[in-house]
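First up is the structure itself, then whatever we jot down about it.
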Amino acid sequence: MKNSRRRDFSVTSSLQYRFLAMSVIYSFVIVCFFAIAVFGPDVAKMSDQSISLELRSAAASRVLTKHSWVWMAIFLLIVVFGLHSFREFKKVAGPLYRFRWAFGQLERGNVVYPVKIRKKDYLREDEEALNKMLASLVGRLGKLNQATEEAFKSIDELEQTLNMGSEKSETQIALLRAHREHLEKLSNAVRFFRLKDEGQKTAGSEHNAREREGGFIEEKGYGRSRFETGV
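Offset between the sequence shown (1-based) and the numbering used here: plus 7.
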């Protein structure tokens, strides 16, 4: 029971406090207008010296009677409204916190996909848009990694072909070395991003997730140029 209450009313960001304060301020504004509408006519009669004393006494009696229950009811209403607003806005602040966490993970190279929020949370359309963006990123990175591997294979085949020849110019060696260095830089940039599937907890399932996404986080060593080693 205690854990359930903690989840219901836990604070996820300072934004939740700000909206709670805004709700309380709006409530007090409404209370002020309500007090003027309820007590204003009777207070005006009490201050009117032109009417009889009996009417002024009756107005004062009504004011005292209303004071006995109106303010307590208003106070309870503000408390209930504030707690409800605090709890409901958690359904907005929670997803915002989750999205910000996913952005931080992406900055560190961890592609968290899919990003999931709680069932009762709002911002479902934003969750769907974010996951579409991450799916596109995962697919593009997979294709980029595959193209990089194919480029390494092509340059390996080119080096093997040139190694079969009798003459190897310094220009060819330098060009192949430069191409390999550029490919290694590109490969390292792609391998910076690692897929982290929230729904996959075990090592085996994480490996399956890598295979499903085209293996863009598969790390391989590409060694030195065969042209440099003379293989």
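From the three backbone atoms N, C-alpha and C, an ideal C-beta is built for every residue, glycine too.
Remember, it's a predicted structure, so these values are computed and weren't measured experimentally.
Pick from the options that is closest to residue i, judged by C-alpha positions
{"i": "ALA136", "options": "PRO121, ARG94 and ARG147", "result": "PRO121"}
{"i": "LEU148", "options": "ASP49, ILE43, GLY101 and VAL197", "result": "VAL197"}
{"i": "ASP128", "options": "VAL99, ARG105 and VAL145", "result": "VAL99"}
{"i": "LYS123", "options": "ARG115, GLU114, ILE37 and ARG107", "result": "ARG107"}
{"i": "LYS203", "options": "LEU113, SER57, THR72 and ILE43", "result": "LEU113"}
{"i": "GLU188", "options": "TYR104, ILE162 and MET171", "result": "ILE162"}
{"i": "SER239", "options": "ALA158, TYR33, GLU177 and ILE180", "result": "This structure cannot settle anything about residue 239, because the visible part of the chain is limited to 8 through 238."}
{"i": "THR72", "options": "ALA154, PHE46 and GLU95", "result": "PHE46"}
{"i": "ARG94", "options": "GLU61, LEU22 and ALA185", "result": "LEU22"}
{"i": "TRP78", "options": "PHE35, PHE110 and LEU141", "result": "PHE35"}
{"i": "LEU151", "options": "LYS192, LEU62, ILE43 and SER59", "result": "LYS192"}
{"i": "TRP76", "options": "PRO102, ALA181, GLY101 and ALA42", "result": "ALA42"}
{"i": "ASP49", "options": "ARG63, CYS39 and GLY111", "result": "ARG63"}
{"i": "SER194", "options": "THR178, GLU156, LYS126 and GLN179", "result": "GLU156"}
{"i": "GLY116", "options": "VAL145, ALA185, LEU60 and THR178", "result": "VAL145"}
{"i": "ARG125", "options": "PHE110, ARG105, SER143 and ASN138", "result": "ARG105"}
{"i": "LEU25", "options": "LYS97, SER143 and VAL38", "result": "Going by the sequence as given, residue 25 is Arg instead of Leu. Of the candidates LYS97, SER143 and VAL38, the one whose C-alpha sits nearest the C-alpha of ARG25 is LYS97."}
Limits of the unbroken alpha helix (DSSP H) element including residue i
{"i": "VAL122", "result": "Note, VAL122: premise wrong, no alpha helix (DSSP H); not H, not E."}
{"i": "ARG63", "result": "60 to 74"}
{"i": "ARG94", "result": "77 to 114"}
{"i": "LEU130", "result": "No alpha helix (DSSP H) holds LEU130; DSSP gives it neither H nor E."}
{"i": "SER57", "result": "Careful: SER57 lies outside any alpha helix (DSSP H) and carries neither H nor E."}
{"i": "SER176", "result": "Looking at the DSSP string, SER176 is not in any alpha helix (DSSP H), and its letter there is neither H nor E."}
Whole-Å CB distance - residue i paired with residue j, under 8 Å assumed
{"i": "PHE199", "j": "VAL118", "result": "Going by Cβ atoms, the distance from PHE199 to VAL118 rounds to 10 Å, so no, they are not a contact pair."}
{"i": "PHE159", "j": "LEU183", "result": "PHE159 to LEU183, Cβ: 12 Å. No contact."}
{"i": "GLU132", "j": "PRO102", "result": "Contact flag wrong, Cβ pair sits at about 11 Å."}
Beta strand (DSSP E) segment containing residue i, residue limits
{"i": "LEU202", "result": "201 to 203"}
Heavy atom of the ligand COA within 6 Å of residue i beta-carbon
{"i": "ILE85", "result": "Looking at this structure, you won't find the ligand COA or any other ligand, since it has none at all."}
* Which whole runs of the alpha helix (DSSP H) in the region 138 to 165 are 4 residues long or more, in chain order? -> Those alpha helix (DSSP H) runs which fall completely within the region 138 to 165 and span 4+ residues do not exist here.
* Report yes or no: do the region 80 to 93 and the region 157 to 173 share at least 3 C-beta pairs separated by less than 8 Å? => Cβ pair count under 8 Å is below three, so no.
* Asked: Quick check: the region 57 to 70 against the region 87 to 99, are there 3 or more CB pairs under 8 Å?
  -> The region 57 to 70 is not in contact with the region 87 to 99.
* Asked: Counting pairs of Cβ atoms below 8 Å between the region 19 to 29 and the region 48 to 62, do you hit three or more?
  -> Under the three-pair Cβ rule at 8 Å, the region 19 to 29 does not count as touching the region 48 to 62.
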